[in-house]
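> The structure is given below, and queries will be raised subsequently.
In this note's numbering, the protein residues as written are 20 to 277.
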């Protein structure tokens, strides 16, 4: 008695339909990645602008962020707290976004970033004034703990990125040297002033912008490979994918109007 084969050949029509579904899934995924990238980059740019504006309300060569926020007006104090909350949220969201696209799953570093955000907000909430020595000490301690936990949460990740992406290794080390080396240089030249803080936060946010642009672009290219087998220019091919995705919702809206 002849047995029937267990594996049946999938007809060409079904195979083509499965491939089409796969292509659509990849397109949707790419579209989401691009939206996520532009959202994170927009948040980072606004946080960078906010940092520069707040840090230059008064002379940054003379006053730290805490002095600007605590020793002038109530409006400055409110703005300081808002700046700390917004900047902490943006840094946390951006770093977690980078963790996600790189499939970085070290749970301890997620916790450290959460803690760093909390300490940044507590630093702004604790008034640093001469007649409140206790709260001034709390302010200094929370500021130090913010820097510590941000370093503990972010440094292992960025070293892992440098190890996994050899072409980025040199740039990563240069950026880290600029951020920390430049910040320490300002600290020794001028002491604890606003310029030290503007340098550190400003260049750290720019570094996150660079990583967001570079790492998101890499994942978009990797996911696009299957759709670009017949394209000579990858950049043009990727743009075609997004143009096609943008046109589909417009066609649906036109059909509904009719």
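Even for Gly, the Cβ is constructed at its ideal location relative to N, Cα and C.
#1: Can you round the beta-carbon distance between residue 283 and residue 68 to whole angstroms, since I take them to be within the 8 Å contact cut?
#2: Kindly give me the distance between the Cβ atoms of residue 140 and residue 104, rounded to whole angstroms, as I take these residues to be in contact under 8 Å.
#3: Going by CA-CA distance only, name the one from 94, 106, 121 that's closest to residue 221.
#4: Determine, using beta-carbon pairs with one atom in the region 123-138 and one in the region 187-196, whether at least three such pairs fall under 8 Å.
#5: Cutting at 7 Å between CB atoms, please list the residues of its own chain near residue 128, excluding the five before and the five after it.
#6: So, using beta-carbon positions, are residue 162 and residue 154 closer together than 8 Å?
#7: Count the CB pairs spanning the region 108-115 and the region 47-57 that are closer than 8 Å, and state whether there are at least three.
#8: Alpha carbons only, please: which of 123, 200, 90 is nearest the one belonging to residue 150?
#9: DSSP three-state label for residue 288, please.
#10: Using a threshold of 8 Å, state whether the C-beta atoms of residue 235 and residue 121 are closer than that.
#11: So, does the CB of residue 222 fall closer than 8 Å to a CB anywhere in chain B?
#12: Among 178, 195, 219, which residue has its Cα nearest to the Cα of residue 83?
#13: So residue 123 and residue 179 are in contact, right, with Cβ under 8 Å, and what is the actual spacing, rounded?
#14: In the DSSP assignment, find the alpha helix (DSSP H) that holds residue 128 and state where it starts and stops.
#15: I think residue 60 touches residue 196, with their Cβ atoms under 8 Å apart; what is that distance to the nearest whole Å?
#16: Got a sec? Which residues, its chain only, sit under 6 Å from residue 216 by beta carbon, not counting five neighbours each side?
#17: So is residue 158 buried or exposed if we call it buried at 16+ other beta carbons inside 10 Å?
#18: In chain order, which beta strand (DSSP E) runs of at least 3 residues are fully inside the region 165-227?
#19: If we ignore side chains and look at the alpha-carbon of each, how far apart do residue 306 and residue 130 end up?
#20: Below 7 Å CB to CB, which residues in the same chain sit around residue 142 once its five sequence neighbours on both sides are set aside?
#21: By the three-class DSSP mapping on this structure, what secondary structure does residue 81 have?
#22: Between residue 147 and residue 201, what straight-line distance do the alpha-carbon atoms span, to the nearest angstrom?
#23: So for residue 75, helix, strand or coil by DSSP?
#24: So what does DSSP say about residue 69, is it helix, strand or coil?
#25: In whole angstroms, give me the CA-to-CA distance for residue 205 and residue 65.
Once the coordinates are examined:
#1: As shown, the chain starts at 20 and ends at 277. That puts residue 283 outside it, with no answer to give.
#2: For this step, residue 140 is matched to residue 121 along the chain shown. For this step, residue 104 is matched to residue 85 along the chain shown. 5 Å between Cβ atoms; contact.
#3: Along the chain shown, one-based indexing puts residue 221 at 202. Checked all of 94, 106, 121; the closest Cα to residue 221 is 106.
#4: no
#5: Taking the first residue of the chain shown as 1, we reach residue 128 at position 109. For residue 128, where only same-chain residues beyond five positions count, the Cβ hits under 7 Å are 172, 175, 176.
#6: Start at 1 with the first residue of the chain shown, and residue 162 comes out as number 143. Start at 1 with the first residue of the chain shown, and residue 154 comes out as number 135. Going by C-beta atoms, residue 162 is not nearer than 8 Å to residue 154.
#7: no
#8: Mapped onto the chain shown, residue 150 falls at position 131. Nearest option by C-alpha distance: 90.
#9: The structure shown does not extend to residue 288, since the chain spans only 20 to 277, so no value can be given for it.
#10: Reading the chain shown from its first residue, position 216 is the one you call residue 235. Reading the chain shown from its first residue, position 102 is the one you call residue 121. Contact: no.
#11: Note that chain B does not occur in the displayed structure, where there is just one protein chain.
#12: Numbered from its first residue, the chain shown carries residue 83 at position 64. The candidate whose alpha carbon is nearest that of residue 83 is 219.
#13: Position 104 of the chain shown holds residue 123. Position 160 of the chain shown holds residue 179. The Cβ separation is near 7 Å, so the contact holds.
#14: Stepping through the chain shown from its first residue, residue 128 is reached at position 109. Counting along the chain, the alpha helix (DSSP H) containing residue 128 begins and ends at 126-144.
#15: Numbered from its first residue, the chain shown carries residue 60 at position 41. Numbered from its first residue, the chain shown carries residue 196 at position 177. Not a contact, Cβ separation roughly 23 Å.
#16: For the purposes of this step, residue 216 is identified with residue 197 of the chain shown, where counting begins at 1. Same-chain partners within the cutoff: 84.
#17: As a working note, residue 158 is residue 139 in the chain shown. Residue 158 comes out buried.
#18: none
#19: Nothing in the structure corresponds to residue 306, since the chain is present only between 20 and 277.
#20: Position 123 of the chain shown holds residue 142. Excluding positions up to five away in sequence, the list reads 103, 158, 161, 162, 165.
#21: On the chain shown, residue 81 is found 62 positions in, with the first residue counted as 1. Coil.
#22: Translated into the one-based positions of the chain shown, residue 147 becomes position 128. Translated into the one-based positions of the chain shown, residue 201 becomes position 182. Distance between the alpha carbons of residue 147 and residue 201: 25 Å.
#23: Along the chain shown, read from residue 1 onward, the residue named residue 75 stands at position 56. Looking at residue 75 - three-state DSSP - the assignment turns out to be coil, as it is neither helix nor strand.
#24: Here residue 69 corresponds to residue number 50 of the chain shown, with the count starting at 1. Of the three classes helix, strand and coil, the one that applies to residue 69 here is helix, per DSSP.
#25: For the purposes of this step, residue 205 is identified with residue 186 of the chain shown, where counting begins at 1. For the purposes of this step, residue 65 is identified with residue 46 of the chain shown, where counting begins at 1. Taking the straight line joining both Cα atoms gives about 24 Å.
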